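S.K.: Heads up, our numbering is the position in the sequence shown plus 4, with the first residue counted as 1. Backbone N, C-alpha and C define an ideal beta-carbon position, used for all residues, glycine too. None of the values given here were measured: they were computed from a predicted structure. What follows is a structure written as structure tokens; I'll ask about it next.
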Amino acid sequence: DGPLAGRLDTGRVAVAGHSIGGAAALVAAREDARFDAVVDLDGYPHGTDGGRVEQPVLALTQEIGPDTDPDYLPRLTRVLESGAAVNYRLTVPGAAHLTFTDAPLYLPPVPGVVGSLGHTESIRTTADATRAFLDATLRGSPGDLRSALAAHGEVTVHHPGGVR
């Protein structure tokens, strides 16, 4: 009988997180089939080599550069190609690790820390991409998810067994 009574649809649940929380979201989904979708916000996939993530995954990442851990992209790709669902990786130009949080709203605009998208575009990019993905996966909304995501960066679609 609380303020959320009757307002939550517990039949359609996503798990999401940033950084280590994104890695934890991948592990949680692998361990618990009750999650219907996963949003990984620039999280390094720790502990995911031992199992498949069967639910659809959206991974938002900063651009891969010379300072990026060389194991990051191969590990993330293995996770995205290991399950039974079609998964998406959105690489956001101008993003940094904290772009996908609320940090751009209150930290100084240092591109190496919060990216170069600006205070509001950082939040808008994360929210719009996440909303498009969750609307498609949890609500079955019609439309071209790849195109909706591509408005914010480079999209790689991972099909079970490899990119097509």
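Between which two residues does the beta strand (DSSP E) carrying GLY21 extend?
M.R.: Along the sequence shown, one-based indexing puts residue 21 at 17. Note, GLY21: beta strand (DSSP E), 18–22.
S.K.: Leaving out the 5 sequence neighbours to the left and right, which residues in its chain are closer than 7 Å to LEU84 when beta-carbon positions are compared?
M.R.: The residue labelled residue 84 in the question sits at position 80 within the sequence shown. Closer than 7 Å at the Cβ level, and outside the excluded window around LEU84, lie VAL61, ALA63, ASN91, ARG93 and HIS162.
S.K.: In the DSSP assignment, find the unbroken beta strand (DSSP E) run with LEU102 in it and report its ends.
M.R.: By 1-based counting over the sequence shown, the position of residue 102 is 98. The continuous stretches of beta strand (DSSP E) do not include LEU102, and DSSP gives it neither H nor E.
S.K.: Helix, strand or coil: how does DSSP classify VAL43 here?
M.R.: Within the sequence shown, numbered from 1, the residue matching residue 43 stands at position 39. Reduced to three states, the DSSP call for VAL43 is strand.
S.K.: Can you tell me which of ASP44, ALA155 and ALA99 puts its alpha carbon nearest to the alpha carbon of HIS66?
M.R.: Position 62 of the sequence shown, counting from 1, holds the residue named residue 66. In the sequence as presented, His is not what sits at residue 66; that position holds Gln. From the listed residues ASP44, ALA155 and ALA99, the smallest Cα separation to GLN66 is found for ALA99.
S.K.: Can you look up ALA133 in the DSSP assignment and give me helix, strand or coil?
M.R.: To locate residue 133, count along the sequence shown from 1; it is residue 129. Helix at ALA133.
S.K.: Taking the alpha helix (DSSP H) that ALA155 belongs to, which residues open and close that run?
M.R.: Within the sequence shown, the letter at position 151 stands for residue 155. Counting along the chain, ALA155 falls outside any alpha helix (DSSP H), and DSSP gives it neither H nor E.
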